[in-house]
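Be aware that the sequence shown starts at 0, since it is given in numbering that gives the first Met the number 0, and climbs by one per residue. Using N, Cα and C, we set each Cβ at its ideal position, and we do this for glycine too.
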Amino acid sequence: MPIFADISEDTLCISPESIEKLITKKTKAIMPVHIAGQPADMDRIMELAAKYNLKVIEDAAQAWSAKWRDKGVGVIGDIGEFSFQASKNLNAGEGGVLLTDNAELAEAARSYTNCGRGKGKGWYEHYILAGNYRMTEFQAALLIVQLDRFEGLEEKRRENAEYLDEKLSQIDGIKTLKTDSRVTKRPYHIYIFKYLEDKFCGIPRELFLKALEAEGIPCRPGYPFPLYENPLFQKKGKGPGFCPLSCPYYGNEIDFSGASCPVTERISKREAVWLRQEMLLGTKEDMDDIVGAIKKIKENAEGLRV
Ligand SMILES: *Cc1c(COP(=O)(O)O)cnc(C)c1O
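Written as structure tokens, this is what we have:
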């Protein structure tokens, strides 16, 4: 049963203060997401895990190669996972890896990805209810060749992201994110900045995004609302994919309609602007185009007001 903690204003990663307030006797694990490539505060999270005897599952889907105090994310907690889905920095269309140094968990994970088969057991013997999440060798081959050029692409993205940070932070009404000083390697998946409508004559983010698209800059609002507002968590899940067998929420009494993460709500619904990672592979002139388009909107905001 997931319980939703709020995020930190400056990094958009899970807030340790918010986590601690939500811990109860029933809490089993903390699941930080290293969002957009930015590691969550793993010092505080591991401290909380030790204090309350909890497991830590790192969602590093967006953070391949990120380092927290020189340690790679995904190997700090009990389990770490990475995604190779089509949008990710390292991708094979679909797929992912799970890392753990716990042999028992590793075996369970292998069984879950392989229709519940047992280690060293027969192909037609199934021990747990599971699906086929196997990645193919073809996908692995695609990934292996990408490893060679990953560093170079990653540096390019970082260089451009840092350039955008410098230029965009000079625009009143655009807030760039901070990188925690304990982050020793910061890859960029999505480039996220905050848009403050008050400084743009009150034009809502959706209109700002439309104007930015009209200037030829692809952009997105990102996650449209906090996870707990998903139909699944509001007990409105009925469509295809809502499987009572594998879904622990089915028929559950817990009601998420009271969940409240004010920072997540404000940022997801009003402030966040996403630029996809491919855009950070452009030239410096491309970055100047992004900055120029935002400045143009700012200068003409009055005229965009409805
Ligand atoms: C992409 C992503 C996932 C899901 O990865 P899949 O490989 O599509 O299952 C999970 N968490 C985050 C933060 C992601 O960005």
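C-alpha of Ile173 to C-alpha of Cys12: approximately 19 Å in a straight line. Counted as a single uninterrupted DSSP element, the beta strand (DSSP E) harbouring Ala271 occupies residues 271 to 274. Between Glu80 and Ala60, the gap from beta carbon to beta carbon is short of 8 Å. About 25 Å separates the Cβ atoms of Ala213 and Tyr187, ruling out a contact at the 8 Å cut-off. By the criterion of at least three beta-carbon pairs nearer than 8 Å, the segment 254 to 261 is in contact with the segment 217 to 235. In the structure shown, Phe255 adopts helical secondary structure according to DSSP, grouped into three states. Membership of Tyr51 in any beta strand (DSSP E) is not indicated; the residue belongs instead to the alpha helix (DSSP H) covering 41 to 51. In this structure the segment 273 to 280 lies against the segment 146 to 156, because at least three pairs of beta carbons, one per stretch, are closer than 8 Å.
Listed as beta-bridge partners of Trp67 by DSSP are Lys70, Val182. In this structure, Phe192 sits near Leu167, with a CB-CB distance shorter than 8 Å. Looking at the DSSP output, Ala28 bridges to Lys54. C-alpha of Tyr132 to C-alpha of Pro31: approximately 23 Å in a straight line. Straight across, the Cα-Cα distance linking Gly76 with Ile56 is about 6 Å. Here the C-alpha atom of Ile22 lies approximately 10 Å from the C-alpha atom of Ala4.
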